[in-house]
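The structure appears right after this line, and notes come after that.
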Amino acid sequence: MDIVRAKEISESPVMAGVTYGGTPVYIQRVHDEDNTARIYSLGDPDHELTVPLHDLMED
0 MDIVRAKEIS
10 ESPVMAGVTY
20 GGTPVYIQRV
30 HDEDNTARIY
40 SLGDPDHELT
50 VPLHDLMED
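For the sequence shown, counting from 1, position 58 maps to 57 in numbering that gives the first Met the number 0; every step adds exactly one.
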């Protein structure tokens, strides 16, 4: 996913369809310095991960 689009999604009040490894996720924050994002699975919000932006897909 492009960093600009990831930031738009993370700052939007509207929930976008984003997946990580086929799992629907919510983008909490985008980290410019290393092109990663802090995410959590919609099914398990207590399990947070930092992942490369290129691994995120928008539906």
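Glycine included, C-beta positions come from ideal geometry on N, C-alpha and C.
### Query
If you draw a straight line from the alpha carbon of R37 to that of K6, how long is it in whole angstroms?
Against the sequence shown, residue 37 aligns to sequence position 38. Against the sequence shown, residue 6 aligns to sequence position 7. Going by the C-alpha atoms only, they are around 11 angstroms apart.
### Query
Which residues bound the beta strand (DSSP E) around S40?
The sequence position of residue 40 within the sequence shown is 41, counting from 1. Per DSSP, the unbroken beta strand (DSSP E) holding S40 starts and ends at 35-40.
### Residue(s) in a DSSP beta bridge with H46
Locating residue 46 in the sequence shown gives position 47, where the first residue counts as 1. None, per the DSSP bridge assignment.
### Helix, strand or coil at V13 [DSSP, three-state]
The count along the sequence shown starts at 1 and reaches residue 13 at position 14. DSSP places V13 in the coil class of the three-state scheme, outside both helix and strand.
### Task
Assign V29 to one of two classes, buried (16 or more other C-beta atoms within 10 Å of its C-beta) or exposed (fewer than that).
In the sequence shown, the residue the question calls residue 29 occupies position 30. Buried.
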